[in-house]
Amino acid sequence: MVFLPPDLRLRPPDPALLFRRGEPDDPRLGESFSLGHIPEGRIPDVVIVGVPQDLGVRHNNGRPGAAEAPTAIRAALYRLTPETWTRHSLEQLCIVDLGDLIVDGVDIQAMHALQERCVAALLEAGTCAIVLGGGHDIAYPNAAALFQQGECGILVFDAHPDVRPRRNNLPHSGSAFRQLLEERNFPAHRLAYIGLQPFVVARVHREYLQSRGVQSCTLEEVRKRGIDTVLPELFAAISDRGRLPVYVSIDLDAVPSAFAPGVSAPATVGLLPEELLWAASFLGARPNVRLLDIAELNPRYDLDNRTARLAAWIIATFLAGMSERPLPQ
Numbered sequence: 000m001v002f003l004p005p006d007l008r009l010r011p012p013d014p015a016l017l018f019r020r021g022e023p024d025d026p027r028l029g030e031s032f033s034l035g036h037i038p039e040g041r042i043p044d045v046v047i048v049g050v051p052q053d054l055g056v057r058h059n060n061g062r063p064g065a066a067e068a069p070t071a072i073r074a075a076l077y078r079l080t081p082e083t084w085t086r087h088s089l090e091q092l093c094i095v096d097l098g099d100l101i102v103d104g105v106d107i108q109a110m111h112a113l114q115e116r117c118v119a120a121l122l123e124a125g126t127c128a129i130v131l132g133g134g135h136d137i138a139y140p141n142a143a144a145l146f147q148q149g150e151c152g153i154l155v156f157d158a159h160p161d162v163r164p165r166r167n168n169l170p171h172s173g174s175a176f177r178q179l180l181e182e183r184n185f186p187a188h189r190l191a192y193i194g195l196q197p198f199v200v201a202r203v204h205r206e207y208l209q210s211r212g213v214q215s216c217t218l219e220e221v222r223k224r225g226i227d228t229v230l231p232e233l234f235a236a237i238s239d240r241g242r243l244p245v246y247v248s249i250d251l252d253a254v255p256s257a258f259a260p261g262v263s264a265p266a267t268v269g270l271l272p273e274e275l276l277w278a279a280s281f282l283g284a285r286p287n288v289r290l291l292d293i294a295e296l297n298p299r300y301d302l303d304n305r306t307a308r309l310a311a312w313i314i315a316t317f318l319a320g321m322s323e324r325p326l327p328q
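For the sequence shown, numbering that gives the first Met the number 0 begins at 0 and goes up steadily by one.
Quick look at the structure:
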């Protein structure tokens, strides 16, 4: 049974976000979720937790608004249908949405400590965790939570490497992976990026990754070789061919603003939605993927909820992949 320390307070999801047509032949995904509680006698396959904060974005001189993302993602996710055209139905999974970690009035370092303890407790209980950001600084406590359990792999979809130094000694949305490498001594060869873009990565940051031995696949390489080639290769490398648990972090600014306008740092080019959805399906089907997060959605700048819907499709596709995982022996 999932157990969270009693001092970790969560605000349950708003049931008003559920979308119901009231038609038996047209159920919606949110109706099959357990909101705010764990069903009696069940061990969740997946637990969703939101981290509604954008302090890291503010500290990085970005445009605020990502704190509103968990609600926007839920509204889009709950509305989707559970039909997936896979061999198994999403409805067979026990999916629990516990709501949002309450971080009101907490500074960013205390906030990260709370998040790390929350995610670590979920992972310790054996469930797969999905974290809804928030700025991409959520990656540091997420990665640290999995790394507590031992060696692991980290796969990042992003236009930027987020290896900037702290600002005024404070973490921010661009410092997560530098903190991880330097403050937690994470093994650099277990970290990999997909989608790094030209003209947005400083030379010193690219050289920092190279000097550390971090693996990366640029957007140009994805275009030349295909996501279905580069992703399995990198996944095998960081996970020791599936032996190690893996954390996947998706920064939505890896996607062009034509498809994802509602982000903290919009991009002109990037990974296509179809590429990310293929990746989500591939990764969802891997039993050693223990943790997924979605970062940098900024609903204040979204158009027709376009970016929130993309985030919802990524999560739903990941869940559909999970429904294909082999049953425990």
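Just so it is clear, CB atoms sit at the ideal spot from N, CA and C, and this is done for glycine as well. Given the structure is predicted, the values throughout are model-derived calculations rather than measurements.
Beta-carbon contacts of Ile334 that lie in its chain and below 7 Å, excluding the five residues immediately before and after:
Residue 334 falls outside the range modelled here, since the chain spans only 0 to 328, and no answer is possible.
C-alpha distance - Asn141 paired with Ala65, whole-angstrom precision
If you number the sequence shown from 1, residue 141 lands on position 142. If you number the sequence shown from 1, residue 65 lands on position 66. Each residue's alpha carbon lies about 17 Å from the other.
Indicate whether the contact test is met: 3 or more Cβ pairs, each with one atom in the stretch 94-113 and one in the stretch 25-40, closer than 8 Å.
The stretch 94-113 is in contact with the stretch 25-40.
At a cut of 8 Å, does the stretch 110-128 reach the stretch 199-214 through at least three beta carbon pairs?
No: fewer than three Cβ pairs fall under 8 Å.
Please determine if the stretch 131-146 and the stretch 239-246 are in contact, where contact requires at least 3 C-beta pairs separated by less than 8 Å.
Enough Cβ pairs lie closer than 8 Å, so yes.
Between Phe18 and Leu79, what straight-line distance do the alpha-carbon atoms span, to the nearest angstrom?
In the sequence shown, residue 18 corresponds to position 19, counting from 1. In the sequence shown, residue 79 corresponds to position 80, counting from 1. When rounded, the distance between both Cα atoms is 9 Å.
Going by the CB atoms, is the gap between Ser238 and Gly320 shorter than 8 Å?
Along the sequence shown, one-based indexing puts residue 320 at 321. Along the sequence shown, one-based indexing puts residue 238 at 239. No; because the gap between Cβ atoms is not below 8 Å, this pair is not in contact.
What are the partner residues of Val46, as DSSP defines its beta bridges?
Taking the sequence shown and counting its residues from 1, the one referred to as residue 46 is at position 47. Looking at the DSSP assignment, Val46 forms a beta bridge with Val95, Ala128.
Can you list, in chain order, the residues of its chain whose CB lies under 6 Å from that of Thr47, leaving out five sequence neighbours each side?
Walking along the sequence shown from the start, residue 47 turns up at place 48. For the sequence presented, residue 47 should be read as Ile rather than Thr. For Ile47, where only same-chain residues beyond five positions count, the Cβ hits under 6 Å are Asp96, Ile129.
Short of 8 Å in beta carbon distance, which residues of its chain neighbour Leu302, apart from the five on each side in sequence? Order them along the chain.
In the sequence shown, the residue the question calls residue 302 occupies position 303. Excluding residues up to 5 positions away in sequence, Pro260, Gly261 lie with their Cβ nearer than 8 Å to the Cβ of Leu302 in the same chain.
For the structure I just gave you, are there three or more beta carbon pairs, one from the stretch 305-321 and one from the stretch 70-79, closer than 8 Å?
The stretch 305-321, when compared against the stretch 70-79, does touch it at the 8 Å Cβ threshold.
Span of the alpha helix (DSSP H) holding Leu89?
The residue labelled residue 89 in the question sits at position 90 within the sequence shown. Segment: none, Leu89 is in no alpha helix (DSSP H) and carries neither H nor E.
Determine the direct distance from the alpha carbon of Ile193 to that of Ala315, and round the result to whole angstroms.
For this step, residue 315 is matched to residue 316 along the sequence shown. For this step, residue 193 is matched to residue 194 along the sequence shown. The alpha-carbon atoms of Ala315 and Ile193 are separated by roughly 21 Å.
In the DSSP output, what is Gln214 paired with across the bridge?
In the sequence shown, the residue the question calls residue 214 occupies position 215. Beta-bridge analysis with DSSP links Gln214 to Ala191.
Check for me: the beta strand (DSSP E) holding Ala294 runs from which residue to which?
Stepping through the sequence shown from its first residue, residue 294 is reached at position 295. 288-294 is the extent of the beta strand (DSSP E) around Ala294.
Decide if Leu190 is buried, meaning its Cβ has at least 16 other Cβ atoms within 10 Å, or exposed.
Taking the sequence shown and counting its residues from 1, the one referred to as residue 190 is at position 191. By the neighbour-count definition (other C-beta atoms within 10 Å, threshold 16), Leu190 is a buried residue.
Would you mind stating whether Leu131 and Gly61 have Cβ atoms separated by less than 8 Å?
Numbered from 1 along the sequence shown, position 132 holds the residue referred to as residue 131. Numbered from 1 along the sequence shown, position 62 holds the residue referred to as residue 61. Not in contact: Leu131 and Gly61 (Cβ atoms no closer than 8 Å).
Compute the beta-carbon to beta-carbon distance between Gln214 and Ala236, rounded to the nearest angstrom, for a pair I have assumed lies under 8 Å.
Walking along the sequence shown from the start, residue 214 turns up at place 215. Walking along the sequence shown from the start, residue 236 turns up at place 237. Correct: roughly 6 Å between the Cβ atoms.
Nearest-angstrom Cα separation, counted from Ile226 out to Asn59:
Position 60 of the sequence shown holds residue 59. Position 227 of the sequence shown holds residue 226. C-alpha separation (whole angstroms): 30 Å.
Since Tyr139 is in the beta strand (DSSP E), which residue starts that stretch and which ends it?
Residue numbering aside, residue 139 sits at position 140 when the sequence shown is read from its first letter. First-last for Tyr139: 138-146, but that is the alpha helix (DSSP H), not the beta strand (DSSP E).
Closest by C-alpha distance to Ser172, when choosing among Glu323, Arg57, Leu28
Residue numbering aside, residue 172 sits at position 173 when the sequence shown is read from its first letter. Cα-wise, what sits closest to Ser172 is Arg57.
Let me check understanding here. Comparing Cα to Cα, which of Leu180, Cys127, Pro69 lies closest to Pro286?
As a first step, residue 286 is located in the sequence shown; it is residue number 287 there, counting from the start. Per the Cα distances, Cys127.
By DSSP, does Phe2 sit in helix, in strand, or in coil?
For the purposes of this step, residue 2 is taken as the residue at position 3 of the sequence shown. Looking at Phe2 - three-state DSSP - the assignment turns out to be coil, as it is neither helix nor strand.
Distance CB(Leu122)-CB(Arg289) smaller than 8 Å
Here residue 122 refers to the residue found at position 123 of the sequence shown. Here residue 289 refers to the residue found at position 290 of the sequence shown. Yes. Within cutoff.
Would you report the Cα separation of Gln114 and Ile137, rounded to the nearest angstrom?
Locating residue 114 in the sequence shown gives position 115, counting from the first residue. Locating residue 137 in the sequence shown gives position 138, counting from the first residue. Between the alpha carbons of Gln114 and Ile137 lies a gap of roughly 8 Å.
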